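To convert, note that position 162 of the sequence shown is 158 in this note's numbering; the numbers rise steadily by one, no gaps. One structure below.
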Amino acid sequence: MFNAGRWALLFTDWQVFAGGFLITILVSAVSLAGTLLISLVVGLVRCSQNRTAKAICLGYVNFFQNTPLLVQLLFMYNVLPRIGIMMSPFLCGCLGLSLYTGAFGASVVESAVKAVPKGQTEAALSQGMSYMQSLFCIVIPQAIKIALPPMTNQCVNMIKNSSTLTVVTAGELMYRSDGWAAEYGCYTQAFIVSAVLYLILCLPLSKAAEALEKKAA
């Protein structure tokens, strides 16, 4: 751990870690957009009166919440190409993270929408608003305040889960760190730097979630 020569070697190859860090940020940004979209759509469908759509969304949520992300990623990367569905490692990773985190985000959105008193919707309908108008103008703005702290926590979890993309060779931080460590035998140095870089990404978001929770309380 305190071998100066190994640390010097690491800092000489800093581009390896910087490149992986940038890919992790990009993967997280794309996956976050997909997660928010999936969470909103599935969460709102779960609050609707359409039994068929609700059952489909419930199946999706139950499957992705109760199976390991690693298994899901390996299935997408190794099995889907056998049936003609080809994806790049980057796309596979983003899709896997979005579907996995979106299942948890959908539960957050559903809970937030249902936490808004029904009287709010009834009052809007009595004023001549349609159901969709009341949903997007009255219910969702209030639900966002409720959902924001737990969704921020899900974002943190998603960034940490991006380290599993090493199994699909997506080129993110953990993949490059592990490859560099295996080449030079400097596992301690590589994983310490990786941990610090993940901390730089996740700690501010964790603190933001704590502040939002206190503000909501």
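Where a beta carbon is used, it is the ideal one built from N, C-alpha and C, also for glycine. Everything numeric in this text was worked out from a predicted model, so none of it was measured.
For residue i, three-class secondary structure by DSSP
{"i": "D174", "result": "helix"}
{"i": "Q123", "result": "coil"}
{"i": "E168", "result": "coil"}
{"i": "P200", "result": "helix"}
{"i": "P77", "result": "helix"}
{"i": "S44", "result": "coil"}
{"i": "V192", "result": "helix"}
{"i": "M83", "result": "coil"}
{"i": "G15", "result": "helix"}
N- and C-terminal bounds of the alpha helix (DSSP H) containing residue i
{"i": "L54", "result": "47 to 61"}
{"i": "M128", "result": "127 to 130"}
{"i": "F7", "result": "0 to 8"}
{"i": "Y67", "result": "In the sequence as presented, Tyr is not what sits at residue 67; that position holds Val. Where V67 is concerned, the enclosing alpha helix (DSSP H) stretches over 65 to 70."}
{"i": "C151", "result": "136 to 157"}
Residue i to residue j span [Cα, whole Å]
{"i": "T165", "j": "S24", "result": "16 Å"}
{"i": "A29", "j": "C90", "result": "10 Å"}
{"i": "K114", "j": "Y127", "result": "12 Å"}
{"i": "L18", "j": "I142", "result": "31 Å"}
{"i": "Y96", "j": "E118", "result": "34 Å"}
{"i": "G16", "j": "A186", "result": "12 Å"}
{"i": "L169", "j": "L197", "result": "12 Å"}
{"i": "N62", "j": "L54", "result": "12 Å"}
{"i": "S44", "j": "L5", "result": "57 Å"}
{"i": "K110", "j": "T8", "result": "54 Å"}
{"i": "L76", "j": "C182", "result": "35 Å"}
{"i": "I155", "j": "L195", "result": "10 Å"}
{"i": "I21", "j": "N74", "result": "25 Å"}
Whether residue i touches residue j by CB criterion (7 Å)
{"i": "G39", "j": "V105", "result": "yes"}
{"i": "L201", "j": "C151", "result": "yes"}
{"i": "A108", "j": "A139", "result": "yes"}
{"i": "I34", "j": "G98", "result": "yes"}
{"i": "A49", "j": "V41", "result": "yes"}
{"i": "L65", "j": "N157", "result": "yes"}
{"i": "T162", "j": "Y171", "result": "yes"}
{"i": "L208", "j": "P145", "result": "yes"}
{"i": "S94", "j": "S27", "result": "yes"}
{"i": "A0", "j": "V57", "result": "no"}
Burial state of residue i (16 or more Cβ within 10 Å)
{"i": "E206", "result": "exposed"}
{"i": "F216", "result": "The first residue shown for the chain is -3 and the last is 213, placing residue 216 beyond what the model contains."}
{"i": "S130", "result": "buried"}
Within-7 Å CB hit, residue i to chain B
{"i": "K156", "result": "Of the protein chains in the structure, only one exists, and it is not chain B."}
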